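Asks:
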Amino acid sequence: KLKEDKKNIVFGDLTAGVGPEDRYRGHANLFNYSPKTNINLIADANNVGSQTFSPRDFFRFGGGLSNLARRSGSNFQMSPDDIGIPRADRKSAVDLESRVGALNYNFNPNKKWSHSGFLIGAFSQNRLASISQRTYIRQSGDNQELLTSNRQLENASGLFKYSGRYTPSEALQIIYSSFIKGADVVTTNNRLSQFTNFNNEIDAVNNSQPFSVDQQLRAYYSPMPLMCFQQ
């Protein structure tokens, strides 16, 4: 419950920095609180491998695990890839670039209606590389191999959730919720194996575009008990 002098307030913070080798980082938070509307905006862009919006932040941002994955049955499994948020892989990283924008809102125009949800958009581009020298034990021939590996991962994804609640009376309550997520993931791999007089190069490109929609409509009706009057 907001205090009288805090019923209409906007505040936030801004962070920006640059460094050598064209490194940069920018981060912004914006909060707007009023009696009927709450808005939270988070934006971040960097190429230093910092992951501002983690899966843990996502659960808190979306109202917890129960709000995200309410479903029937008793079996529930979730992997980090199901969430749809690009993650920075720091292992063998050459360049890590990520941009994230997230908006969370709650709107209660009157006692009967309540709206809430969030929108998250993210993009990441990670370049990974490694060089290894291998020595094979055999009696004759070349036994030295130089193996060079380059991998690039581009991930653009979006998440959207909306929840609406309509309570026309104390006896009836109608709730609608939808959760949409989609992504466009492109992975490029290049491997070059070099012996003294022999080169073997393998290139591979994988592209996936997962998309899912989950909708739920629930209604609760509780008839009012009959009132008995005695004279």
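Residue numbers (this note's numbering): -19 to 211. We treat Cβ as the ideally placed atom computed from N, Cα and C, and that holds for glycine. Since the model is a prediction, treat every value here as computed from it, not as a measurement.
Look up Ala151 in the DSSP assignment and give the residues it is bridged to.
Replies: Bridge partners of Ala151: none, in fact.
Asks: When you compare only the Cα positions, how much space is there between Gln57 and Asp194?
Replies: Low confidence applies here, because Gln57 scores a pLDDT of 40, under 50, leaving its location unreliable and the question unanswered by this model.
Asks: Pick out whichever of Ala102, Ile(-11), Ile22 and Tyr4 has its Cα sitting closest to the Cα of Gln13.
Replies: It is worth fixing the name first, because residue 13 is Tyr in this sequence and not Gln. Of the listed residues, the one whose Cα sits closest to Tyr13 is Ile(-11).
Asks: Checking 9 Å against the spacing of the C-beta atoms, do Gly144 and Ala102 come in under that value?
Replies: no
Asks: Out of Gln113, Asn135 and Arg131, point me to the one whose CA is closest to Glu125's CA.
Replies: Of the listed residues, the one whose Cα sits closest to Glu125 is Gln113.
Asks: Would the beta-carbon of Lys92 fall within 9 Å of that of Pro0?
Replies: no
Asks: In whole angstroms, what is the alpha-carbon distance linking Leu172 and Ala(-4)?
Replies: 39 Å
Asks: Where does Thr176 fall in DSSP's three states?
Replies: coil
Asks: Is the number of C-beta pairs between the segment 150 to 162 and the segment 175 to 182 that are closer than 8 Å three or more?
Replies: no
Asks: Look up Lys(-13) in the DSSP assignment and say whether it is helix, strand or coil.
Replies: coil
Asks: Helix, strand or coil for Glu1? Go by DSSP, reduced to three states.
Replies: Glu1 falls in the coil class under three-state DSSP.
Asks: Where do the N-terminal and C-terminal ends of the beta strand (DSSP E) with Gly101 fall, by residue?
Replies: Segment Trp93 to Thr115, the beta strand (DSSP E) holding Gly101.
Asks: Quick one: Cα of Leu83 to Cα of Pro190, how far?
Replies: 22 Å
Asks: Exposed or buried, Ser52, counting other C-beta atoms within 10 Å across all chains shown (16 or more means buried)?
Replies: Below a pLDDT of 50, predicted positions are generally treated as unreliable, and Ser52, at 40, falls in that range; the measurement from the model is reported next regardless. Exposed, because fewer than 16 other Cβ atoms sit within 10 Å of the Cβ of Ser52.
Asks: For the putative contact between Gln132 and Thr168, defined by C-beta atoms under 8 Å, what is the C-beta separation to the nearest angstrom?
Replies: Gln132 to Thr168, Cβ: 5 Å. Contact.
Asks: Thinking just about the alpha-carbon of each residue, which of Arg3, Gly6, Tyr146 and Ser188 is nearest to the one in Pro89?
Replies: With respect to the C-alpha of Pro89, the residue from Arg3, Gly6, Tyr146 and Ser188 having the closest C-alpha is Tyr146.
Asks: Beta-carbon within less than 6 Å of Gly6's beta-carbon, same chain only, minus the 5 sequence neighbours each way: which residues are those?
Replies: Ala(-4) and Ala25
Asks: Tell me the residue span of the beta strand (DSSP E) that contains Gln196.
Replies: Phe191 to Tyr201
Asks: Measuring CB to CB, does Ser78 end up less than 9 Å from Ser104?
Replies: yes
Asks: Only counting the same chain, and skipping five residues up and downstream in sequence, which positions put a Cβ closer than 6 Å to that of Ser188?
Replies: Val165
Asks: Pull up the distance between the alpha-carbon of Ile155 and that of Phe11, whole angstroms please.
Replies: 26 Å
Asks: Going straight from the alpha carbon of Asn179 to that of Asp2, what length do you get?
Replies: 34 Å
Asks: Applying the 10 Å Cβ sphere with the 16-neighbour rule, what's the burial state of Asn135?
Replies: buried
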